Structure formats: C-alpha cells, structure tokens
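Remarks on the structure that follows.
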Amino acid sequence: RAKMKVLVFTVVVMILVAASEGRRWPGMPGPGPCKAAFPRYKCVEGRCLEYIYGGCGRDGGGYRSMAECKRRCK
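Note that the sequence shown covers residues -22 to -1, 1 to 52 in mature numbering (1 follows the signal peptide of the UniProt record, and there is no 0).
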C-alpha cells in the first residue's frame, strides 16, 4: 500500500513537471537557439524572475545576478 502511494505521488509530480514545461511569464525571453544554460534575471511586474539564456543572440536584457536585478527592479 505504501509503495502504491509513492508510485502515485511520483506519477503526479512527473505529470505536473511535464505540463509546466515551456511555460513562461509574458515578456520573458526564451533560451534561444544555443545549448548553454546561463541563469539570467529579469524584472517583471516589480519582481525578479530567473530564466535561462542559451548563450547566443539576445539575452532579453536580463541581469547576471539576482542581487543586481533586485537593486534595479523597482
């Protein structure tokens, strides 16, 4: 019975992760065509949100650190 609960929990988590894949805040840049994964931070509606920058092309004007974003996001 305990194994079944763990299995159901695991399946539910996997479904939720798969369903949320690709969702972004409006105005948030995507990773772009490159394969790198640099964290960047953007101020959206007064909050700093993290996104992944792929390493080439435009990075959406994001900040390189959460601290820098918080200093400038008002």
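Built from N, CA and C at the ideal position, the CB exists for glycine as well.
Source: prediction; values computed, not measured.
Taking the CB atoms as reference points, tell me whether residue i and residue j lie closer together than 8 Å.
i, j, result
"Arg50", "Arg18", "no"
Might you give, ordered along the chain, the residues of its own chain that have their beta carbon closer than 8 Å to the beta carbon of residue i, omitting 5 neighbours on each side?
i, result
"Cys26", "Tyr19, Lys20, Tyr41, Met44, Cys47, Lys48 and Cys51"
"Cys12", "Gly32, Gly33, Cys34 and Gly35"
"Gly24", "Cys51 and Lys52"
Which one or two residues does DSSP pair with residue i in a beta bridge?
i, result
"Val22", "Arg25"
"Pro17", "Ile30"
Please return the same chain residues whose Cβ sits closer than 6 Å to the Cβ of residue i, not counting the five positions on each side in sequence.
i, result
"Gly39", "none"
"Ala15", "Ile30"
Locate the alpha helix (DSSP H) running through residue i, then write down its first and last residues.
i, result
"Arg49", "Met44 to Arg50"
Taking 7 Å as the cut-off, is the C-beta of residue i nearer than that to any heavy atom in the ligand ADP?
i, result
"Val(-12)", "This structure does not include the ligand ADP; it has no bound ligands of any sort."
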